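Working notes, beginning with the structure itself.
Chains as they are written, first to last, in this note's numbering: chain E, 1 to 263; chain G, 1 to 263.
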């Protein structure tokens, strides 16, 4: 069912009341539909409300207007269909790597044997099996981020919300992690909304890229990435079309057209 | 690295032992050489003889045991109450806002000044001593736990919420374990302060405990007796502190070694 919509934002507007008493509109009238198995990136200037959309999608915040839907169900609070991953790995220092991976499934009450099985499988897939009994402080930043990905996948969500997951790791590790993420998403058939500042990351990892405006954030452009091999961003990087897409996105974000650097 | 560490430990231990020998020798022969009379500083051997005499005649062991018992009781009750209050206030901003001026006032008031009052209330029993210890241990533990609960990364709480964690799960799986390192820092401080509280209580009234021996020795102009009491009090405090550190090392085993300071 390629046209099944997994994640949808319908006319979503989010306003916050500020300290001074006036209201600030973070996102305005946003419509996004992500199909089953699709990876969509969301780019835009800082503070344009990208993370607000993530909070709405994961059920941590309710929109002022409009609705979010996951798997056709209206999001009314945290639910098992969605899992998110942030720039921070959010690993618990008192838990071993395996225990950290099991954090979500443990809260959800998955039986112990099943929990251990899932953690073991994921740790093997992400080449972390040797570190199952280590503690987070013994791992590098890139490995910790991989553990965070394993924890996100362990709850077996249909939709992943990824908020700049690799922006805190060094450039070389980032490329490796992007490759692993792309392959994992493809093989597991997961749907993902990826928030990023990295235009090249957006283009190489996604089926589509959405561009948001400055606050109040609106979707101002959408481009489909017509390059094969979404599970192989390393090869995609070398495609001739990449430069054109990145330039187009830079234009839309106004990078270089004025003296202000939005990101 | 571990090599450099072990040689550092070896050298450090050697210097420590040397300092101890120098100190004890200085205590034994220093006063004679400097012509300091024994009623000002009795030499080590005189203090040791006095300790043996007190052991047989004055019930040194019983007095030490009573003081140690009061310290233990005051420390345990005070830390339990401080920790419970810390978690309670940490989870309820309203309660913290309402109670913080009173807590601050109590924290500023010198706790030992309550000792005469407690003795007026409860007589020459062990209870006023324990109460002073409770009061003095309460605050460092409360403040450390409160700060710990307050400074937990909200994204960590959101992560648990996104997995549909209940309030109890958030407490037991995140807030409680995250607060343990600062809690133990508070317990270390509390373990030494408990001795101060008990001694002041014993100095003010009663005829039991090392504090009583202190004031009795003073009344008799028996300087050696005062020294014996001071040494025993240091021992009681030191053992209490080491017990806390031993438990801490076991509970916080997941922390990198360099985080553990002191012992």
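Cβ atoms here follow ideal geometry from the backbone N, Cα and C, with glycine treated the same way. Please read all numbers here as calculations on a predicted model, not as lab measurements.
| Asked | Found |
| --- | --- |
| Could you tell me whether the Cβ atoms of residue 87 of chain E and residue 10 of chain E are closer together than 9 Å? | no |
| What are the partner residues of residue 194 of chain E, as DSSP defines its beta bridges? | E:41 and E:162 |
| Name the one or two DSSP bridge partners that residue 231 of chain E has. | DSSP lists no partner for residue 231 of chain E. |
| Around the Cβ of residue 204 of chain G, are there at least 16 other Cβ atoms within 10 angstroms (buried) or fewer (exposed)? | buried |
| Evaluate contact between the segment 184-191 of chain G and the segment 225-244 of chain G, counting only Cβ atoms and requiring at least three cross-stretch pairs below 8 Å. | yes |
| Residue 158 of chain G versus chain E: which residues are under 7 Å apart at the beta carbon? | 60 |
| If the cut is a Cβ gap below 7 Å, which residues of chain G does residue 88 of chain E touch? | 155 |
| In terms of DSSP beta bridges, what is residue 217 of chain E paired with? | E:27 |
| Note down the Cα distance separating residue 43 of chain G from residue 225 of chain G, rounded to an integer number of angstroms. | 12 Å |
| List, from N- to C-terminal side, the alpha helix (DSSP H) runs of 4 residues or more that fit wholly inside the segment 63-130 of chain G. | 93-108 and 115-122 |
| Of the residues that make up the segment 35-69 of chain E, which ones have a beta carbon closer than 9 Å to any beta carbon in chain G? | 55, 58, 59 and 60 |
| Residues in the same chain with beta-carbon distance under 6 Å from residue 25 of chain E, minus the five sequence neighbours each way, listed in chain order, please. | 15 and 216 |
| Bridge partners for residue 14 of chain E per DSSP, in chain order? | E:27 |
| I'd like the list of long-range same chain contacts for residue 28 of chain G, defined as Cβ closer than 7 Å, with 5 residues on each side in sequence excluded. | 43, 44 and 45 |
| Identify each residue in the segment 114-145 of chain E for which the Cβ-Cβ distance to at least one residue of chain G is less than 7 Å, and report them in chain order. | 135 and 137 |
| For residue 261 of chain E, count neighbouring C-beta atoms within 10 Å of its own C-beta (all shown protein chains included) and say buried if the count is 16 or more, exposed if not. | Reliability fails at residue 261 of chain E, whose pLDDT of 49 lies under 50, so the model's placement of it is uncertain and the value that follows must be treated cautiously. Its Cβ having fewer than 16 others within 10 Å, residue 261 of chain E is exposed. |
| Should residue 207 of chain E and residue 195 of chain E be called a contact, given that it needs their Cβ atoms to be closer than 9 Å? | no |
| Starting from the beta carbon of residue 155 of chain E, find every residue of chain G whose beta carbon is closer than 7 Å, and list them in chain order. | 163 |
| List, in order along the chain, the chain E residues whose C-beta lies closer than 7 Å to that of residue 254 of chain G? | 93, 94 and 135 |
| Would you say residue 93 of chain G faces chain E, with C-beta separation under 9 Å as the test? | no |
| Just checking my contact of residue 177 of chain E with residue 41 of chain E at CB under 8 Å: how many whole Å lie between their CB atoms? | At roughly 15 Å, the Cβ-Cβ gap does not stay under 8 Å, so residue 177 of chain E and residue 41 of chain E are not in contact. |
| Who does residue 135 of chain E pair with in a DSSP beta bridge? | According to DSSP, residue 135 of chain E bridges with nothing at all. |
| Have a look at E:198, E:134, E:218 and E:153 and flag the residue whose alpha-carbon is nearest the alpha-carbon of residue 186 of chain E. | E:153 |
| Would residue 218 of chain E pass as a contact of residue 30 of chain E if the rule is Cβ separation under 9 Å? | yes |
| Could you say if the segment 66-81 of chain G and the segment 132-139 of chain G meet the contact criterion of at least three C-beta pairs nearer than 8 Å? | yes |
| List the endpoints of the continuous alpha helix (DSSP H) containing residue 249 of chain G. | 223-251 |
| Within 10 Å of its beta-carbon, does residue 73 of chain E have 16 or more other beta-carbons around it, so buried, or fewer, so exposed? | exposed |
| What residues from the segment 100-111 of chain E come within 9 Å of chain G, judged by C-beta to C-beta, listed N to C? | 103, 104, 105, 106, 107 and 108 |
| Applying the criterion that 16 or more other CB atoms from any shown protein chain within 10 Å of the CB defines a buried residue, is residue 201 of chain G buried or exposed? | buried |
| Since residue 223 of chain E contacts residue 209 of chain E with CB under 8 Å, what's their CB separation in whole angstroms? | 5 Å |
| Roughly how many whole angstroms lie between the Cα atoms of residue 290 of chain G and residue 6 of chain G? | One cannot answer for residue 290 of chain G here, as it falls past the ends of chain G, which runs 1 to 263. |
| Please classify residue 128 of chain E: does DSSP put it in a helix, a strand, or coil? | coil |
| Are there three or more Cβ pairs, one per stretch, closer than 8 Å when the segment 46-55 of chain G is compared with the segment 214-233 of chain G? | yes |
| First and last residue of the alpha helix (DSSP H) that includes residue 180 of chain E? | 171-188 |
| Report back the beta-carbon spacing between residue 150 of chain E and residue 122 of chain E to the nearest angstrom; my notes put them in contact at under 8 Å. | 4 Å |
| Beta carbon of residue 142 of chain G, beta carbon of residue 206 of chain G: below 9 Å? | no |
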